[in-house]
Amino acid sequence: MKKLIIPAVAMIAVCALSGCTRTSYAIHTVDGRTIISDGKPKQTDAGLVGYTDANGIKQQINKSEVKVVTEIPNS
């Protein structure tokens, strides 16, 4: 009985964890560019918008260059 419970619990844990994905956001700029952010961008006190790009590198853009930020729905 114990031999069946451990693999079943492991499979449930793997299935549950694989469904957890991070939300992406599209940052649309006033000059027409679209930047994809991994996770929600954060505004700083210095007037910048900080985000992590698709390659995992932390970036910043001036808030005055940002037109709108929209959430990209998960498929």
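Here the sequence shown stands for residues -26 to -1, 1 to 49, where the numbers follow mature numbering (1 follows the signal peptide of the UniProt record, and there is no 0).
Glycine residues also receive a C-beta, built at the ideal position from the N, C-alpha and C atoms.
Problem set entry | Through-space distance from residue -5 to residue 29, alpha-carbon basis | 14 Å
For this session: Helix, strand or coil for residue 16, going by three-state DSSP, please let me know.
Result: strand
For this session: Using alpha carbons as the reference points, say which of 4, 42, 10 and 46 lies closest to residue 31.
Result: 10
Problem set entry | Sheet register partners of residue 24 (DSSP bridge) | 16 and 34
Problem set entry | Residue interval of the beta strand (DSSP E) (run including residue 40) | 40 to 46
Exercise. Sorted by chain position, which residues of the same chain lie with C-beta nearer than 8 Å to residue 22's C-beta, five sequence neighbours on each side aside?
Worked result: 34, 35, 36 and 37
For this session: Find the nearest neighbour of residue 26 within the set 19, 15 and 20, judged by alpha-carbon distance.
Result: 15
Exercise. What is the rounded straight-line gap between the Cα of residue 44 and the Cα of residue 18?
Worked result: 18 Å
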